[in-house]
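In full-length UniProt numbering, the protein residues as written are 1 to 305.
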């Protein structure tokens, strides 16, 4: 069920164009939102069950979804290969792959935070609340900016690097399973009442993101590869085994301090982020995103030969 190299290259080129030039659809038309609507009530039901049942149920739901997506993606890919010409196969794959990533939207949402901060602190808080689950009501302007920069770095992996990595490695089924795993982690992977229902979802996302997160760090800040021990020490300060890598790399590269109050501080000796740092970060993001697309083509091409 390997794809022809030219189909892979065309698929990724078309997916890039869709990501860059076609706005994200409303939630009622977005497959990831459909997934969220499906697993939300299931997760809430599991949270009310005893710990053992919640753990078993959460794990079982994850695997059932993963197997369904592997079957769905695999059969669709096979059908496209058997019944569609190469150009139509690439278009169909691109349309199916695009919902798994949101590189352009992430860039624009972070840029909108800085624009909103330029108008008022309240607007900045409202805009950054769209990007994270933190309580933003007490954040001052530097903290709003820090939160936006952390979101840019961490979600560079979640929204672009990891889905493309898994598409290159395992085709459409790989990208679909990663997007499902990341979505379930975002909805279920919390401490407290969600801990047992979401434990497998959190661990699975950690495993699937391990390699892509480290690649994301090097793509955002390639100079940090020259000081790997410093980057490792910074990355391990966060509770997440993966999020600290791209966030730490960006903090070190920009020379700014990033953190979550009372939880962690990355590059503690760095300066407070300014508006110019957001633009610098967005420039780095654009270059890193381009390198990611090119790397995905190269990896997929190499694995199909």
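Just so it is clear, CB atoms sit at the ideal spot from N, CA and C, and this is done for glycine as well.
As the structure is a prediction and not an experimental result, all values here were calculated from the model.
- Taking C-beta atoms under 8 Å as the contact rule, residue 231 and residue 249 qualify, at a distance of about 6 Å.
- The shortest CA-to-CA distance from residue 5 to any of 86, 106, 266, 269 is the one to 86.
- Residue 278 and residue 243 have their C-alpha atoms some 19 Å from each other.
- As for any alpha helix (DSSP H) of minimum length 4 sitting wholly inside the stretch 92-140, the runs are 103-119, 121-128, ordered along the chain.
- Leaving aside the five residues that flank residue 208 on each side, the residues in its chain whose CB is nearer than 6 Å to its CB run, in chain order, 178, 181.
- With fewer than 16 neighbouring CB atoms inside 10 Å of its own CB, residue 26 falls in the exposed class.
- Ranked by Cα distance from residue 274, the first of 174, 115, 221 is 115.
- Per the C-alpha coordinates, the member of 59, 158, 30 positioned closest to residue 43 is 59.
- Of the residues 235, 31, 124, the one whose Cα lies closest to the Cα of residue 183 is 31.
- If you check the CB distance, residue 100 and residue 175 come in under 8 Å.
- Taken through DSSP and simplified to helix, strand or coil, residue 258 comes out as strand.
- Fully enclosed alpha helix (DSSP H) runs of no fewer than 4 residues occupy 162-188, 199-220 of the stretch 162-231, in order along the chain.
- In this structure residue 252 is not in contact with residue 110, their Cβ atoms being roughly 19 Å apart against a cut-off of 8 Å.
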